[in-house]
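Engineer: My structure is below; once you've seen it, I'll send some questions.
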Amino acid sequence: MADKHTSGDGRNDYIGSILDPKICSANACSEEEAEDPHLWPRPLARKWIPTLFMGTCLLLCARMVMPVCAVSMSASLNWSKIDTGLVLGGFFWGYCLTQILGGHASDKMGGERVLFMSAASWSLITAATPLLGHMGSHTAALMTLARFLMGLLQGVFYPSLASLCSQRVVEGERGLLMSTMNAGGNLGMLLAGALASLLLDRYGWESVFYASGFLSGLWAVIVWRCFLKGEVAPKPMQLSRDSQHVSLMRCLRLLKVPSVWAMVFAHMCISSTSYTLLSWLPTYFEESFPHAKGWVYNIVPWFTAIPSGIGGGCLSDHLINQGYRVSHVRKLMQFLAMGASSVFILLLSGAVTFPSSLLFVCAAIGLCTFTSGGVTVNVQDLTPSCAGALFGFMNMCGAFMGLMVVSASGYLIEVTQSWVSVFSLIVLINVTGLGVFLIFGDARRVDLDGYRKMDVS
């Protein structure tokens, strides 16, 4: 880590991966810490990476427990389709409300503590959810409230990760970190399905909630004991001069900068199309290939996304550490995520066999994960002092747009009785977001007082 080079955007980076087993010399480490004492030392970083990977895995596992148990719960609690829809939708509204707040809190007091408090709280709610099913006749209302609270608590997680990555990791290693975290989310969806398969029929839907809540609580205890050393009280971050904090309103004013709003718009587009694929692909396969095995198309694409996501992060970090301009690397990764993936989505519009369609879906979803080396980390390039709050705003906008696109897709399927219109809509959104990012996107920092293109005071 002692060797340094200047990136194409004029900033100093450190050569080597977070997971590089080499330990830097005392002089090199002290030199790096002198430049930014808030960066994780490499031994500590190698402990945090798998911990955060498992945290993201358990986050998605707890989130998906309700959907995978919805059929059994509906039968047990006598819910109608409307009741089930209200319960499942409760998570979304809570999830949107705390995105900006969670990111801003992480920018102020450090992402580690916010992640711990979030995980400890959602683990309790997950484990307590089955108890609500035995508290009278208004179970649907109580479960909806529980899902709303779950959304509130999980809404702070990804903005906190973005803030943590900005505070603790050098520029040339952020792509791998965020890609690894997103790969953990894909594993979490598989874990939720595995828990349901093992426990649902034998012990009932309640056991799935207990198991997920226990695992999430165990992760929170490990973080508290091993990383926070038993300290939970918030501690204000002491930042270096070039990483001063800006107020939340001043941070949102940065949206006037073309490179910032282009990043936000691209993130909205890729998020909404990803939500649409996640929501409608099972229905597409079930209707188009009724004799295909469900576990194949429900598991294989998301399993493929795990290595592709990590590989994309490694590729982006490698290119930056080789001296390529950061802005060029971000745009390349986003082109693969939104442009190349759209080619495979278009191929689904033709007459295809089940193996071909599965291959195209795996390729499209795998390429979509490359956004972790694109706009997902671009917020840390542009606005490291308020990366958490701004990422929260991006994620909130992406979630709202995802709701609209998913709903619009259902309308198109109902009216046209064809999947071509849905795949065409996805491609149109991807190409539009990609075009805006390629034209206006950048990676030069814009949150400093010396930024000449605008006044954010």
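Heads up, the sequence shown stops at 457 in the numbering used here, and the numbers go up one at a time, no gaps. For glycine and all other residues, C-beta sits at the position ideal for the given N, C-alpha and C.
1. Residue 315 lies in the alpha helix (DSSP H); which residues open and close that run?
2. Among 100, 162 and 74, which residue has its Cα nearest to the Cα of residue 471?
3. Using C-beta distances below 6 angstroms, list every residue in its chain close to residue 402, excluding the 5 sequence neighbours before and after it, in chain order.
4. Within this structure, are the beta carbons of residue 404 and residue 374 separated by less than 8 angstroms?
5. Hey, out of 389, 343 and 377, whose CA is closest to residue 367's CA?
6. Quick one, which of 120, 253, 183 and 282 has its alpha-carbon nearest residue 223's?
7. Could you give the first and the last residue of the continuous alpha helix (DSSP H) run that contains residue 90?
8. Taking residue 417 as part of the alpha helix (DSSP H), name the residues at either end of that continuous run.
9. Keeping to the same chain, check which residues put their C-beta closer than 7 angstroms to that of residue 122; ignore five residues upstream and five downstream.
10. Return the chain-ordered ranges of every alpha helix (DSSP H) run that is complete within the stretch 334-415 and spans a minimum of 4 residues.
11. Please work out which residues of its chain come closer than 6 angstroms, Cβ to Cβ, to residue 159, disregarding the five sequence neighbours upstream and downstream, and give them in chain order.
12. Tell me which same chain residues have a C-beta within less than 8 angstroms of the C-beta of residue 304, skipping the five on either side of it?
13. If you run the structure through DSSP and keep just helix, strand and coil, what is residue 229?
14. Rounded to the nearest angstrom, how far is the Cβ of residue 172 from that of residue 378, given a contact under 8 angstroms?
15. Enumerated in chain order, which unbroken segments of the alpha helix (DSSP H) with a length of 4 residues or greater are wholly contained in the stretch 247-291?
16. Taking only the alpha-carbon atoms, compute the straight-line gap between residue 117 and residue 220 and give it to the nearest angstrom.
17. Taking only the alpha-carbon atoms, compute the straight-line gap between residue 336 and residue 371 and give it to the nearest angstrom.
18. Helix, strand or coil for residue 447? Go by DSSP, reduced to three states.
19. State the start and end residues of the unbroken alpha helix (DSSP H) segment that holds residue 41.
20. Can you tell which of 441, 49 and 77 has its C-alpha closest to the C-alpha of residue 164?
21. Quick one: Cα of residue 480 to Cα of residue 431, how far?
22. Classify residue 287: buried if its beta carbon has 16 or more other beta carbons within 10 angstroms, exposed otherwise.
23. Looking at the unbroken alpha helix (DSSP H) that takes in residue 325, where does it start and where does it end?
24. By DSSP, does residue 138 sit in helix, in strand, or in coil?
25. If you check the beta carbons only, do residue 317 and residue 176 fall under 8 angstroms apart?
26. Would you kindly check if the distance between the Cβ of residue 436 and the Cβ of residue 266 is under 8 angstroms?
27. What does the Cβ neighbour count give for residue 128, buried or exposed, with the cut at 16 atoms within 10 Å?
28. Could you tell me how far apart the beta carbons of residue 56 and residue 184 are, in whole angstroms, since I believe they sit closer than 8 angstroms?
29. Counting only the same chain and skipping the five closest in sequence on each side, list residues whose C-beta sits under 6 angstroms from that of residue 192.
30. Start and end of the alpha helix (DSSP H) containing residue 182?
31. For residue 422, which residues from the same chain have a beta carbon less than 7 angstroms from its beta carbon, with the 5 sequence-adjacent residues on both sides left out?
32. In angstroms with no decimal places, state the Cα-to-Cα distance between residue 234 and residue 181.
33. With respect to the alpha helix (DSSP H) encompassing residue 114, which residues constitute its N-terminal and C-terminal limits?
34. So for residue 107, helix, strand or coil by DSSP?
35. On the criterion of 16 or more Cβ atoms from any shown chain inside 10 Å, does residue 415 qualify as buried, or is it exposed?
36. Going by Cα to Cα distance, which pick from 78, 92, 44 and 269 is closest to residue 137?
Structural biologist: Let me spell this out:
1. 294-321
2. Because the chain here runs from 1 to 457, residue 471 falls outside it and cannot be looked at.
3. 271, 272 and 275
4. no
5. 343
6. 120
7. 81-97
8. No alpha helix (DSSP H) contains residue 417, which DSSP labels as neither H nor E.
9. 62, 150, 153, 154 and 216
10. 341-347, 354-368 and 375-382
11. 99, 102, 103, 388, 391 and 392
12. 362, 365 and 366
13. coil
14. Rounded, the Cβ-Cβ distance is 14 angstroms, inconsistent with contact.
15. 248-253 and 258-288
16. 8 angstroms
17. 8 angstroms
18. coil
19. No alpha helix (DSSP H) contains residue 41, which DSSP labels as neither H nor E.
20. 49
21. Since the first residue of the chain shown is 1 and the last is 457, residue 480 is not available in this structure.
22. exposed
23. That residue, residue 325, is in no alpha helix (DSSP H); it is neither H nor E in DSSP.
24. coil
25. yes
26. yes
27. exposed
28. 4 angstroms
29. 61, 64, 65 and 68
30. 174-203
31. 280, 409, 412 and 413
32. Note that residue 234 scores 48 on pLDDT, short of 50, meaning its location in the model is unreliable and no value can be drawn from it.
33. 111-132
34. helix
35. exposed
36. 78
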